[in-house]
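Quick notes on the structure that follows.
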Amino acid sequence: MTIKDIAKKTLAHFKESGYVFTPDEYKKVFCQEAKKARVIIKDCNKVAEYIAKLDKKYQMIAKNYNIKNLDELIVFLINYLNREDASKEKENLENFFLYTKRALDVIAVLPIIKSKSIAIKHLDFLKPYMEKDEFNKLRNEWFEFLSEFDASIVKKGAAIAGIQSEDALEVIEALIKKLEENPDLEFLVDSIIYTLTPSYAPFMSNEIAILKKQIKENTSFILSKAFAEDLKILTQKRIRLDKEELKRKLKDLDQIAERLSIKILRILEKTDGSSQEIKNITVELQNWRKDDGDFETIKEKLLTIATSIDKELNHFSEEMRKEDEEIEKLRQKVHFLEGKLKQLSKEVKTDFLTDIANKKAVIDELKKQESIYNRYGTNYSVVFFDIDHFKNINDTYGHDAGDVILKSLGLLFKRYARDIDMIGRFGGEEFVAILPNTDKEGAYKFAEKLRQIIEKTKFMYKNTRIDVTVSGGVASRNETNSSDETLKLADKRLYLAKKTGRNKVCADDKCV
């Protein structure tokens with residue numbers, strides 16, 4: 054496009070609007086049309102050329118004013134030339150100083166701890182006519198703050214709250230509203246408990262009952278990370294117990310099937326020929342473990358096979374009667390074993406309140422580890438824990454609150470202990486951990502880790518947070534002459550931990 058074409062378009066613009074233009078207005082529209090056409094006109098760039106010739110200080114200031122024509126440039130220069138007056142400059146500096154103070158006052162009340170602390174510190178430090186180095190030092194603190202500040206957390210909060218906003222206060226308000234909604238998830242409780250109930254093993258009733266009570270009292274617990282961890286642990290335990298129980302039952306059924314197979318083989322040895330029914334029974338008996346079905350279905354099938362044998366072999370009544378007595382003994386044994394399992398489930402060595410090992414179980418485990426140590430020389434360690442100021446908790450919040458603390462600690466000990474470790478309630482607010490194949494250093498690290506976790510955990514009772522800490526004493530078997538001495542040494546170091554300030558773990562006799 055030529056300059057002539059641009060001029061035609063400019064005239065057409067004024068003709069369409071019916072407006073009588075001035076030379077300045079014509080130049081403005083002409084330059085706009087040239088810019089659209091991407092044609093460089095030297096006269097249209099006069100302002101930029103003049104600004105480029107100014108001192109760099111005024112170039113930077115002029116950029117912020119978006120100067121469009123020569124008139125605006127002249128006004129800009131007149132204003133800044135007038136400001137060169139020293140008294141005026143001083144007045145401007147004082148106004149700028151007051152403005153900065155007010156800006157810092159505003160920042161000091163914003164709920165961002167880092168910027169608030171910087172603003173408060175600068176309010177005390179800032180003064181008129183500061184040296185350049187002093188200004189640079191203050192400015193660098195803000196640069197550091199901006200380099201570390203991450204505003205993405207506001208976007209994350211907005212996403213969780215389900216809104217689109219970059220206003221932190223608006224996001225916080227939306228999050229609070231979401232939390233206050235407190236969704237009713239009670240309809241899930243029975244389904245969750247059903248999935249945790251073992252199919253075969255008659256165990257876990259106490260753990261399931263505690264979990265059910267907990268989520269019945271506060272259904273929002275289902276949404277917590279702690280619940281997810283508990284659910285995973287209990288599900289794994291249910292699967293393991295079911296497998297173990299099914300394995301025991303199938304072993305008993307295998308014994309019955311084996312006896313039946315031997316019985317049929319003896320009968321076949323005594324007869325020249327056998328009926329087709331006996332042959333069919335033999336095939337069924339050989340394949341019974343391949344059939345699909347639950348324990349009761351398989352058991353019923355075996356009993357049906359036994360009945361069929363009785364009907365088919367009446368002419369061997371005397372011999373069969375003796376064999377039937379043996380089968381009956383095996384049936385009674387299965388019945389006895391099932392009864393024994395139920396009896397053992399009632400005699401589990403579990404503390405009724407915390408659902409972890411009780412004192413008897415801890416003592417038995419200590420004897421077991423002592424036996425291994427005496428036989429193979431495998432070292433073990435003992436940790437004695439005690440809740441700090443537990444009496445104050447009971448006196449301040451009541452014994453129900455104390456029970457909640459004890460139950461919660463039981464869950465924490467379960468979650469962070471290894472499978473081979475045993476942690477039990479030794480009495481009152483005392484807990485003992487037995488750590489197989491662990492030296493004193495490893496036991497101290499374990500105890501210190503638990504101490505830190507407990508210190509950081511929020512223990513809640515009736516919407517009230519209760520701060521809880523524990524003290525601990527550590528001892529290893531290779532330090533003493535017996536298991537009793539090891540337990541006493543751990544107890545002695547626990548006393549030292551409480552004596553020297555509490556909320557610490559002592560692993561030697563000079564605990565600092």
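Going by the working numbering, the first residue of the sequence shown is number 54, and it counts up by one from there. Glycine included, every Cβ here is placed at the ideal spot set by N, Cα and C.
Notebook entry, point to check: Does the count of Cβ pairs from the segment 432-451 and the segment 288-302 closer than 8 Å reach three?
Noted result: no
Check: What are the residues that DSSP puts in a beta bridge with Phe129?
Finding: Taking the first residue of the sequence shown as 1, we reach residue 129 at position 76. Answer is none; Phe129 lacks a bridge partner.
Note to self: With H, G and I counted as helix, E and B as strand and the rest as coil, what does DSSP make of Cys559?
What the structure shows: For the purposes of this step, residue 559 is taken as residue 506 along the sequence shown, with counting starting at 1. Three-state DSSP puts Cys559 in a strand.
Check: Tell me which same chain residues have a C-beta within less than 8 Å of the C-beta of Asn447, skipping the five on either side of it?
Finding: Counting from one through the sequence shown, the residue named residue 447 turns up at place 394. Excluding sequence neighbours, Asn447 sits near Ala454 and Gly455.
Checklist line | Cβ distance (whole Å) where Glu260 is taken to contact Asp408 below 8 Å | finding: One-based indexing of the sequence shown puts residue 260 at position 207. One-based indexing of the sequence shown puts residue 408 at position 355. With 8 Å as the limit, Glu260 and Asp408 qualify as a contact, their Cβ atoms being about 6 Å apart.
Checklist line | contact_flag[the segment 80-98, the segment 108-117] where n(CB pairs < 8 Å) is 3 or more | finding: Contact between the segment 80-98 and the segment 108-117 is absent, with fewer than three C-beta pairs closer than 8 Å.
Next item on the list: May I ask you to report which of helix, strand or coil DSSP gives Met113?
Entry: For the purposes of this step, residue 113 is taken as residue 60 along the sequence shown, with counting starting at 1. Of the three classes helix, strand and coil, the one that applies to Met113 here is helix, per DSSP.
Checklist line | Cut-off 6 Å between Cβ atoms - residues of its own chain near Phe443, not counting five sequence neighbours on either side | finding: Counting from one through the sequence shown, the residue named residue 443 turns up at place 390. These residues qualify, in order along the chain: Glu482.
Notebook entry, point to check: Based on the DSSP output, what are the partners of Leu488 in its beta bridges?
Noted result: As a working mapping, residue 488 is identified with position 435 in the sequence shown. Its beta-bridge partners are Ser434.
Check: In angstroms, rounded to a whole number, what distance separates the CA positions of Ile487 and Val401?
Finding: The count along the sequence shown starts at 1 and reaches residue 487 at position 434. The count along the sequence shown starts at 1 and reaches residue 401 at position 348. C-alpha separation (whole angstroms): 18 Å.
Next item on the list: Give me whichever residues DSSP pairs with Ala410 in a beta bridge.
Entry: Position 357 of the sequence shown, counted from the start, is the residue given in the question as residue 410. In DSSP, Ala410 forms a bridge with Thr403 and Gly477.
Next item on the list: Just mark Thr55 as buried or exposed, buried being the case when its beta carbon has 16 or more other beta carbons within 10 Å.
Entry: Here the question's residue 55 lines up with position 2 in the sequence shown. By the 10 Å Cβ count, Thr55 comes out exposed.
Check: Straight-line CA distance for Asn556 to Glu270?
Finding: Translated into the one-based positions of the sequence shown, residue 556 becomes position 503. Translated into the one-based positions of the sequence shown, residue 270 becomes position 217. Approximately 31 Å, taken between the alpha carbons.
Notebook entry, point to check: Going by other Cβ atoms of all chains shown within 10 Å of its Cβ, with 16 needed for buried, is Glu86 buried or exposed?
Noted result: For the purposes of this step, residue 86 is identified with residue 33 of the sequence shown, where counting begins at 1. Classification of Glu86: buried, given that the 10 Å Cβ count is 16 or more.
Margin query: If you reduce the DSSP assignment to three classes, tell me which class Phe202 lands in.
Written below: Here residue 202 refers to the residue found at position 149 when the sequence shown is read from its first residue. Phe202 falls in the coil class under three-state DSSP.
Next item on the list: In the DSSP assignment, find the unbroken alpha helix (DSSP H) run with Phe74 in it and report its ends.
Entry: Taking the sequence shown and counting its residues from 1, the one referred to as residue 74 is at position 21. Segment: none, Phe74 is in no alpha helix (DSSP H) and carries neither H nor E.
Next item on the list: For the beta strand (DSSP E) holding Ser529, just list the boundary residues, first then last.
Entry: Walking along the sequence shown from the start, residue 529 turns up at place 476. Residues Val523 to Ser529.
Check: Taking the C-alpha atoms as reference points, what is the distance between Val523 and Tyr548?
Finding: Your numbering for residue 523 matches position 470 in the sequence shown. Your numbering for residue 548 matches position 495 in the sequence shown. Approximately 12 Å, taken between the alpha carbons.
Next item on the list: Alpha carbon to alpha carbon, how far is Arg301 from Lys502? Give it in angstroms, no decimals.
Entry: For the purposes of this step, residue 502 is taken as the residue at position 449 of the sequence shown. For the purposes of this step, residue 301 is taken as the residue at position 248 of the sequence shown. Distance between the alpha carbons of Lys502 and Arg301: 38 Å.
Next item on the list: Tell me, to the nearest whole angstrom, how far the beta carbon of Leu419 is from that of Ser529; I am working on the premise that it is less than 8 Å.
Entry: As a first step, residue 419 is located in the sequence shown; it is residue number 366 there, counting from the start. As a first step, residue 529 is located in the sequence shown; it is residue number 476 there, counting from the start. Between Ser529 and Leu419 the Cβ distance is about 13 Å, and since that is not below 8 Å, they are no contact.
Check: Exposed or buried, which one is Asn98 when buried takes at least 16 other CB atoms within 10 Å?
Finding: Locating residue 98 in the sequence shown gives position 45, where the first residue counts as 1. Per the 10 Å Cβ criterion, exposed.
Item checked: Among Gly480, Lys460, Asn445 and Ala560, nearest to Arg492 - alpha-carbon criterion -> In the sequence shown, counting from the first residue as 1, residue 492 sits at position 439. Residue 492 is actually Asp in this sequence, not Arg. Closest option to Asp492, Cα to Cα, is Ala560.
Note to self: Rounded to whole angstroms, what is the Cα-Cα separation between Leu299 and Arg374?
What the structure shows: The residue given as residue 299 occupies position 246 in the sequence shown. The residue given as residue 374 occupies position 321 in the sequence shown. Distance between the alpha carbons of Leu299 and Arg374 is about 30 Å.
Next item on the list: Output the distance between the C-alpha atoms of Ala211 and Ile173, rounded to the nearest integer angstrom.
Entry: Against the sequence shown, residue 211 aligns to sequence position 158. Against the sequence shown, residue 173 aligns to sequence position 120. The straight-line gap from Cα to Cα measures roughly 29 Å.
Item checked: Backbone secondary structure at Tyr548 - three-state DSSP -> The residue labelled residue 548 in the question sits at position 495 within the sequence shown. If DSSP states are grouped into helix, strand and coil, Tyr548 belongs with the helices.
Checklist line | Residue interval of the beta strand (DSSP E) (run including Tyr118) | finding: For the purposes of this step, residue 118 is taken as the residue at position 65 of the sequence shown. That residue, Tyr118, is in no beta strand (DSSP E); it is neither H nor E in DSSP.
Margin query: So within the segment 138-226, which uninterrupted alpha helix (DSSP H) runs reach at least 4 residues, ignoring any that extend past its ends?
Written below: 139-162, 166-178, 185-201 and 205-214
Next item on the list: For the beta strand (DSSP E) containing Thr449, list its first residue and its last residue.
Entry: Residue 449 sits at position 396 when you count from the first residue of the sequence shown. Looking at the DSSP string, Thr449 is not in any beta strand (DSSP E); the run it does join, the alpha helix (DSSP H), is Phe443 to Tyr450.
Check: To which residues does DSSP link Glu483 through a beta bridge?
Finding: Here residue 483 refers to the residue found at position 430 when the sequence shown is read from its first residue. Asp439 and Gly480.
Checklist line | Backbone secondary structure at Arg471 - three-state DSSP | finding: Along the sequence shown, one-based indexing puts residue 471 at 418. DSSP places Arg471 in coil when its eight states are reduced to three.
Check: Lys169 and Ala161 look like a contact to me (Cβ under 8 Å); what is the Cβ gap, rounded to whole Å?
Finding: For this step, residue 169 is matched to residue 116 along the sequence shown. For this step, residue 161 is matched to residue 108 along the sequence shown. Contact flag correct, Cβ pair sits at about 6 Å.
Check: Under a Cβ-count criterion, where at least 16 other Cβ atoms within 10 Å of its own Cβ denotes burial, should Gln267 be classed as buried or exposed?
Finding: By one-based count along the sequence shown, residue 267 stands at place 214. The residue is buried, with at least 16 neighbouring Cβ atoms inside 10 Å.
Margin query: Mapping the DSSP letters down to three states, classify Arg374 as helix, strand or coil.
Written below: As a position in the sequence shown, residue 374 is number 321, starting the count at 1. In the structure shown, Arg374 sits in a helix (DSSP, three-state: H, G or I).
Checklist line | Nearest candidate by alpha-carbon position, reference Leu390, set Glu125, Lys413, Lys304 and Gly430 | finding: Position 337 of the sequence shown holds residue 390. The residue with the shortest Cα to Cα distance from Leu390 is Lys304.
Margin query: I'd like to confirm the pairing. Which residues does DSSP put opposite Thr510 in its beta bridges?
Written below: In the sequence shown, residue 510 corresponds to position 457, counting from 1. DSSP output for Thr510 lists no bridge partner at all.
Next item on the list: Give the single residue among Ile59, Ile473 and Val128 whose Cα lies nearest to the Cα of Ile93.
Entry: Reading the sequence shown from its first residue, position 40 is the one you call residue 93. Nearest option by C-alpha distance: Ile59.
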